[in-house]
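Student: Just dropping this structure here.
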Amino acid sequence: MSTRLMQSQVDAFWRDGAILVEDAISPEWVARVRQAIENDIAEPGPFFNNYVLPNGKRFHGNLRLWETDPDFRAYCFESPLPAMAAQIMDTSKVTLFYDQLFVKEPGADHPTRWHNDQPYWPVRGRQVMSFWLALDDVTADSGRMEFVAGSHDWERWFQPEPFAPGAADYERGENYEDIPDIDADRSAYDLLAWDMKPGDVIAFHAMAVHAAGGNRRADRRRRGYTVRYCGEDATYFGGPGPNAGLRNPSLKTGDPIESAQYPLVWQA
Ligand SMILES: O=C(O)CCC(=O)C(=O)O
Numbered sequence: 002m003s004t005r006l007m008q009s010q011v012d013a014f015w016r017d018g019a020i021l022v023e024d025a026i027s028p029e030w031v032a033r034v035r036q037a038i039e040n041d042i043a044e045p046g047p048f049f050n051n052y053v054l055p056n057g058k059r060f061h062g063n064l065r066l067w068e069t070d071p072d073f074r075a076y077c078f079e080s081p082l083p084a085m086a087a088q089i090m091d092t093s094k095v096t097l098f099y100d101q102l103f104v105k106e107p108g109a110d111h112p113t114r115w116h117n118d119q120p121y122w123p124v125r126g127r128q129v130m131s132f133w134l135a136l137d138d139v140t141a142d143s144g145r146m147e148f149v150a151g152s153h154d155w156e157r158w159f160q161p162e163p164f165a166p167g168a169a170d171y172e173r174g175e176n177y178e179d180i181p182d183i184d185a186d187r188s189a190y191d192l193l194a195w196d197m198k199p200g201d202v203i204a205f206h207a208m209a210v211h212a213a214g215g216n217r218r219a220d221r222r223r224r225g226y227t228v229r230y231c232g233e234d235a236t237y238f239g240g241p242g243p244n245a246g247l248r249n250p251s252l253k254t255g256d257p258i259e260s261a262q263y264p265l266v267w268q269a
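Just so you know, we're using the numbering used here here: the sequence shown kicks off at 2 and counts up by one.
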């Protein structure tokens, strides 16, 4: 399976802020990640969030899984993703920022709100991106991801808000603004969304504004697993705003982010 993208795909990433890469991940990796997800559900790692929704359905969220699970670690380090990240970001070094799991069980109909990621993160720079892996068939009624094309170039830092009912608030970031109500005015935006099958990934920029639907299907889970990578221009940001659980106490503002918590995973 080729890990090289076509130049037209790389160009589309930088034009739109997000691209679908079909069949990016082999069935063997998909099976391994699926098993790792079941292991995490049975015995969650330390950053686990069990969002029980008002309708009683489960949205299992977790992050920094690679640090305690060898299969997630292998996927973050050894799958085709680090080389793909290097190609997209045109960087000689790729560091792993963190990984994150989003399992919307059948009927977990809570949407993931519109947001861009980088305001949640203690990292600054242009070479910051994610790969969202589908572990199930994903359709509009099962929690498909959606993007505002071109929003990664807006240079607008939207205030982080909690993703689930009852989750803790975020401190206000300097120069962060409230996100517009995109759903109230959908025709004003160029919106991108793709149905996906297991093994497809969406590659997207950390400033791209995105959301995901709830899983309204009774017959299908919606397991998504995201890995976030940085290129050589990324530096640490210790100021207010980002998620406290992603901070790295060993770094200070302006430091290159390569460190034990954000390890090097690829270099030219
Ligand atoms: O899977 C979801 O519901 C949201 C995923 C997301 O926002 C992300 O990976 O950045």
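Backbone N, C-alpha and C fix where the C-beta goes; we use that ideal spot for every residue, glycine too.
Computed from a prediction, not measured in an experiment: that's the story for all the values here.
With H, G and I counted as helix, E and B as strand and the rest as coil, what does DSSP make of Met85?
Tutor: The residue given as residue 85 occupies position 84 in the sequence shown. Note: Met85 maps to helix in three-state DSSP.
Student: On the DSSP bridge list, what partners appear for His116?
Tutor: Here residue 116 corresponds to residue number 115 of the sequence shown, with the count starting at 1. His116 pairs with His211.
Student: Any heavy atom of ligand 1 closer than 7 Å to the Cβ of Asp91?
Tutor: For this step, residue 91 is matched to residue 90 along the sequence shown. Asp91 Cβ: outside cutoff for every heavy atom of ligand 1.
Student: Enumerate in chain order the residues of its own chain whose CB-to-CB distance from Met208 is below 6 Å, with the five nearest sequence positions on each side excluded.
Tutor: Translated into positions along the sequence shown, residue 208 becomes position 207. Asn117, Gln119 and His153.
Student: I want to check one thing, is the minimum distance from the CB of Lys143 to the heavy atoms of ligand 1 below 7 Å?
Tutor: Indexing the sequence shown from 1 puts residue 143 at position 142. The sequence shown places Ser at residue 143, rather than the Lys named in the question. Checking the Cβ of Ser143 against ligand 1 gives no.
Student: Just to check my reading of the structure: Glu39 and Asp201 have Cβ atoms closer than 8 Å, yes? What is that Cβ distance to the nearest angstrom?
Tutor: In the sequence shown, residue 39 corresponds to position 38, counting from 1. In the sequence shown, residue 201 corresponds to position 200, counting from 1. Not really, about 21 Å apart at Cβ, beyond 8 Å.
Student: Considering only residues of the segment 112–183, which uninterrupted beta strand (DSSP E) runs meet the minimum length of 3 residues and lie entirely inside it, listed in chain order?
Tutor: List check, beta strand (DSSP E) in window: 113–116, 129–135 and 146–149.
Student: Rounded to the nearest angstrom, what separates Gly232 and Ser93 at their Cα positions?
Tutor: Position 231 of the sequence shown, counting from 1, holds the residue named residue 232. Position 92 of the sequence shown, counting from 1, holds the residue named residue 93. Distance between the alpha carbons of Gly232 and Ser93: 8 Å.
Student: Apart from the five residues on each side of it in sequence, which residues of its chain come closer than 6 Å, Cβ to Cβ, to Trp67?
Tutor: Counted from its first residue, the sequence shown places residue 67 at position 66. Result list for Trp67: Phe73, Arg74, Cys77 and Asp100, in chain order.
Student: What whole-angstrom Cβ distance do Trp122 and Leu247 have, given they're in contact under 8 Å?
Tutor: Position 121 of the sequence shown, counted from the start, is the residue given in the question as residue 122. Position 246 of the sequence shown, counted from the start, is the residue given in the question as residue 247. So it is a contact: roughly 6 Å between Cβ atoms.
Student: Which residues in the same chain have their Cβ closer than 8 Å to the Cβ of Glu259, if we skip the five residues on either side of it in sequence?
Tutor: Residue mapping note: residue 259 aligns to position 258 of the sequence shown, counting from 1. Counting only Cβ-Cβ distances below 8 Å, and skipping sequence neighbours, we find Lys94, Thr96 and Leu265.
Student: Taking contact to mean at least 3 C-beta pairs separated by less than 8 Å, is the segment 131–150 in contact with the segment 177–196?
Tutor: As far as the Cβ criterion goes, the segment 131–150 touches the segment 177–196, which means the pair count is three or higher.
Student: Drop a sphere of 10 angstroms on the beta-carbon of Ser251, count the other beta-carbons inside from all chains shown, and report buried for 16 or more, exposed for fewer.
Tutor: By 1-based counting over the sequence shown, the position of residue 251 is 250. It counts as exposed.
Student: Specify the secondary structure class of Pro107 as computed by DSSP and reduced to three states.
Tutor: Locating residue 107 in the sequence shown gives position 106, counting from the first residue. Of the three classes helix, strand and coil, the one that applies to Pro107 here is coil, per DSSP.
Student: Under the criterion of a Cβ to heavy atom distance below 7 Å, does Ala19 qualify as lining ligand 1?
Tutor: Counted from its first residue, the sequence shown places residue 19 at position 18. Checking the Cβ of Ala19 against ligand 1 gives no.
Student: Using 8 Å for Cβ pairs, my map puts Val31 next to Pro257. What's the rounded Cβ distance?
Tutor: Walking along the sequence shown from the start, residue 31 turns up at place 30. Walking along the sequence shown from the start, residue 257 turns up at place 256. About 33 Å; that fails the 8 Å criterion.
Student: Hey, Arg229 and Lys105: beta-carbon distance below 8 Å or not?
Tutor: If you number the sequence shown from 1, residue 229 lands on position 228. If you number the sequence shown from 1, residue 105 lands on position 104. In this structure, Lys105 does not lie closer than 8 Å to Arg229 by Cβ.
Student: Residues in the same chain with beta-carbon distance under 8 Å from Arg33, minus the five sequence neighbours each way, listed in chain order, please.
Tutor: Numbered from its first residue, the sequence shown carries residue 33 at position 32. Correct list, in chain order: Asp72, Ala75 and Tyr76.
Student: Look up Asp17 in the DSSP assignment and say whether it is helix, strand or coil.
Tutor: Position 16 of the sequence shown holds residue 17. Asp17 falls in the helix class under three-state DSSP.
Student: Along the chain, where does the beta strand (DSSP E) that runs through Asn51 open and close?
Tutor: As a working mapping, residue 51 is identified with position 50 in the sequence shown. From DSSP, the beta strand (DSSP E) with Asn51 extends over Asn50 to Val53.
Student: Is Phe103 near ligand 1, going by C-beta to nearest heavy atom under 7 Å?
Tutor: Indexing the sequence shown from 1 puts residue 103 at position 102. Yes, the beta carbon of Phe103 sits closer than 7 Å to at least one heavy atom of ligand 1.
Student: Give the DSSP-derived three-state secondary structure of Trp195 in the structure shown.
Tutor: Here residue 195 is taken as the residue at index 194 of the sequence shown, counted from 1. DSSP places Trp195 in coil when its eight states are reduced to three.
Student: Does the beta-carbon of Gly225, which I'm using as the reference point, lie nearer than 7 Å to any heavy atom of ligand 1?
Tutor: On the sequence shown, residue 225 is found 224 positions in, with the first residue counted as 1. Result yes, Cβ under 7 Å from ligand 1.
Student: Report the partner residues of Arg59 according to the DSSP bridge assignment.
Tutor: As a first step, residue 59 is located in the sequence shown; it is residue number 58 there, counting from the start. Bridge partners of Arg59: Val53.
Student: Please work out which residues of its chain come closer than 6 Å, Cβ to Cβ, to Asn244, disregarding the five sequence neighbours upstream and downstream, and give them in chain order.
Tutor: As a working note, residue 244 is residue 243 in the sequence shown. Counting only Cβ-Cβ distances below 6 Å, and skipping sequence neighbours, we find Tyr121.
Student: Say the cut is 7 Å; is the CB of Ser131 nearer than that to a heavy atom of ligand 1?
Tutor: In the sequence shown, residue 131 corresponds to position 130, counting from 1. Ser131 Cβ: within cutoff of ligand 1.
Student: Going by the beta-carbon positions, is the gap between Gln128 and Asp12 smaller than 8 Å?
Tutor: Against the sequence shown, residue 128 aligns to sequence position 127. Against the sequence shown, residue 12 aligns to sequence position 11. Cβ atoms of Gln128 and Asp12: not closer than 8 Å.
Student: Rounded to the nearest angstrom, what separates Phe164 and Ala189 at their Cα positions?
Tutor: Looking up residue 164 in the sequence shown gives position 163. Looking up residue 189 in the sequence shown gives position 188. Going by the C-alpha atoms only, they are around 24 Å apart.
Student: Who does Gly225 pair with in a DSSP beta bridge?
Tutor: Locating residue 225 in the sequence shown gives position 224, where the first residue counts as 1. According to DSSP, Gly225 bridges with Phe103 and Ala135.
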